[in-house]
Amino acid sequence: MSSGVHPVFWSVGEDIQPSPLPQASLWNPGLWTTVEEEINALDASLRELSLSIHARPELLFEEKHAHDVLTDYVAKQGFEVKRNYILPTGWEAKFTHGSGGRTIGVNSEMDALPGIGHACGHNLIAIAGVAVACAIKQAIVKHNISGTVILLGTPGEEGGMGKKIMLEAGAYKDMVGCVMCHPSPGPNATSSLSSTLAIQRVAVKYKGRSAHAALSPWEGQNALDAAVLAYNNIAALRQQLRPHVRVHGVFKGEAWTPNVIPDNAEMNWLVRSPEYNEVQQIVQRVKKCFEASALATDCGVEVDADPKGSMKELIQNKDLGEAFEQIFNAKYGVVDRVYGIASASTDFILIATTALPGIHPSFAIPTEPNGGNHTKAFTLSAASKEAHVACLNISKALALTGLRVLADDGLAQRVVAFHSIH
Numbered sequence: 008m009s010s011g012v013h014p015v016f017w018s019v020g021e022d023i024q025p026s027p028l029p030q031a032s033l034w035n036p037g038l039w040t041t042v043e044e045e046i047n048a049l050d051a052s053l054r055e056l057s058l059s060i061h062a063r064p065e066l067l068f069e070e071k072h073a074h075d076v077l078t079d080y081v082a083k084q085g086f087e088v089k090r091n092y093i094l095p096t097g098w099e100a101k102f103t104h105g106s107g108g109r110t111i112g113v114n115s116e117m118d119a120l121p122g123i124g125h126a127c128g129h130n131l132i133a134i135a136g137v138a139v140a141c142a143i144k145q146a147i148v149k150h151n152i153s154g155t156v157i158l159l160g161t162p163g164e165e166g167g168m169g170k171k172i173m174l175e176a177g178a179y180k181d182m183v184g185c186v187m188c189h190p191s192p193g194p195n196a197t198s199s200l201s202s203t204l205a206i207q208r209v210a211v212k213y214k215g216r217s218a219h220a221a222l223s224p225w226e227g228q229n230a231l232d233a234a235v236l237a238y239n240n241i242a243a244l245r246q247q248l249r250p251h252v253r254v255h256g257v258f259k260g261e262a263w264t265p266n267v268i269p270d271n272a273e274m275n276w277l278v279r280s281p282e283y284n285e286v287q288q289i290v291q292r293v294k295k296c297f298e299a300s301a302l303a304t305d306c307g308v309e310v311d312a313d314p315k316g317s318m319k320e321l322i323q324n325k326d327l328g329e330a331f332e333q334i335f336n337a338k339y340g341v342v343d344r345v346y347g348i349a350s351a352s353t354d355f356i357l358i359a360t361t362a363l364p365g366i367h368p369s370f371a372i373p374t375e376p377n378g379g380n381h382t383k384a385f386t387l388s389a390a391s392k393e394a395h396v397a398c399l400n401i402s403k404a405l406a407l408t409g410l411r412v413l414a415d416d417g418l419a420q421r422v423v424a425f426h427s428i429h
């Protein structure tokens with residue numbers, strides 16, 4: 008940092024015009040020191056919290072252990088806590104200083120994946136939210152900044168759209184903006200402010216007729232065959248899709264056995280693209296693959312592509328992103344647009360793209376080759392000391408970004424204005 012009144016992250020390019028600082032003393036290096044000292048002081052306990060969640064992976068909407076240890080932790084830090092908030096494993100931690108200030112939101116995710124545990128690093132996202140909220144709390148008290156920080160524990164990110172449920176119940180209504188982060192593979196000390204893919208869930212059910220698979224197979228209508236044909240139809244379709252499009256799914260059945268023609272099969276598919284409109288176009292082509300296999304096997308088919316199961320692409324708030332980038336680049340590494348989670352999807356889209364301003368930067372953690380998100384290798388990486396250090400570094404940058412929103416009227420206005428036109 009510079010030795011002058013303002014931290015170095017206020018050195019900006021010609022295309023960025025930050026508003027005048029509200030008071031010189033607020034943005035001196037002392038504010039940065041407060042954030043760093045608070046998060047550094049919590050380092051060991053945050054590490055313990057992360058490993059506790061990592062060692063007890065819980066699936067969507069079953070995050071009971073994570074709920075309990077996280078709410079206990081923030082309660083001890085002086086937050087007003089609502090347990091079992093909106094959802095059985097949802098929670099809210101709130102702290103206010105002064106009066107008449109703005110409210111900044113922070114998210115902690117908690118759920119793991121079937122069979123491979125915290126292979127998306129939600130144990131790190133959980134403690135990042137805690138670190139950000141605690142640092143903001145300490146800073147607004149010490150530097151007498153009026154404002155509120157609300158940390159939400161949001162269950163069910165992996166397929167449950169828990170944030171949508173909490174959003175519709177009013178959990179985000181008082182926030183002027185919301186921040187969170189996500190681990191990913193990438194070069195050391197990098198963060199990314201990429202977008203993510205829009206997504207549509209498609210559920211398919213085939214109804215056939217059972218028969219003895221050896222004695223009289225001609226009496227049956229094989230629902231499993233319908234599902235297999237649909238899978239292969241989509242495999243053939245993929246070569247006619249643009250490289251950035253993703254179509255992937257699985258199938259399952261009830262009471263299947265080799266000597267009975269299956270009379271049922273279900274498939275769950277995801278269609279993704281950088282643009283929501285293209286997703287909807289691809290969904291129409293995918294539906295034809297399902298219908299064709301039903302016709303070939305003489306099975307009935309139900310295709311559910313309910314728009315409620317869709318999410319648009321993530322729009323990172325430009326002004327929040329620039330504030331974060333200045334901070335992160337000054338001390339913690341480099342913000343890029345290449346790595347990160349650009350080819351994934353998140354229910355935070357429903358917050359940042361639809362409801363209110365937000366940013367969702369990713370941060371790189373060390374992984375082995377081909378050991379990215381949703382692999383067993385990434386599960387191991389999410390518990391590493393190096394990942395913990397990277398998590399706390401981005402937490403410091405996000406805390407300082409949130410503090411700017413609380414104290415800088417001009418930035419807050421630009422943040423809201425950008426969101427209103429996107």
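In this note's numbering, the protein residues as written are 8 to 429. Think of the CB as a built atom: it goes at the ideal place given N, C-alpha and C, for glycine as much as any other residue.
How is the beta strand (DSSP E) around F258 delimited, first residue to last? R253 to K259
My understanding is that G215 touches D270, with C-beta atoms under 8 Å, so please give their C-beta distance in whole angstroms. 5 Å
Flag this pair as yes or no: are the beta carbons of L405 and V139 separated by less than 9 Å? yes
Rounded to whole angstroms, what's the CA-CA distance from L56 to R245? Just pull it up for me. 43 Å
Can you tell which of W98, S217, Q323 and E285 has its C-alpha closest to the C-alpha of F425? Q323
Should the region 201-208 be regarded as contacting the region 379-397, the criterion being three or more beta carbon pairs within less than 8 Å? In short, these stretches do not touch, since the Cβ pair count stays below three.
Between the CA atoms of V267 and N3 - distance to the nearest angstrom: The question about residue 3 has no answer here: the residues shown for the chain are numbered 8 through 429.
Take the Cβ of H381 as the centre, count every other Cβ of all protein chains shown within 10 Å, and call the residue buried at 16 or more, exposed below. exposed
Suppose the cutoff is 8 Å on Cβ atoms and the five residues either side in sequence are ignored; what does the same chain contact list for V422 look like? V183, G184, N324, D326, L327, P364 and V412
Per DSSP, P190 is paired with what? F370
Look up A312 in the DSSP assignment and give the residues it is bridged to. Paired residue(s): none; A312 is not in a bridge.
What span of residues does the beta strand (DSSP E) with D343 cover, start to end? V341 to D343
Round the Cβ separation of C296 and I241 to the nearest angstrom and send it over; I've been treating them as touching at under 8 Å. 5 Å
For T386, the first and last residue of its enclosing alpha helix (DSSP H): K383 to S388
In three-state terms, what does DSSP make of A31? The predicted model places A31 with a pLDDT of 38, which falls under 50 and marks its position as unreliable; any figure quoted below should be read in that light. Judged by DSSP in its simplified three-state form, A31 adopts helix.
Own chain residues within Cβ distance below 6 Å of T103, not counting five before or after: T155
Using only CA atoms, which one of A301, G85 and S59 lies nearest to D75? S59
Determine which residues share a DSSP beta bridge with T155 and list them. T103 and T110
Own chain, CB closer than 8 Å to Y253, minus 5 neighbours either side, in chain order: Per the sequence presented here, residue 253 reads as Arg, with Tyr not at that position. Excluding sequence neighbours, R253 sits near L204, L277, V278, R279, S280 and S350.
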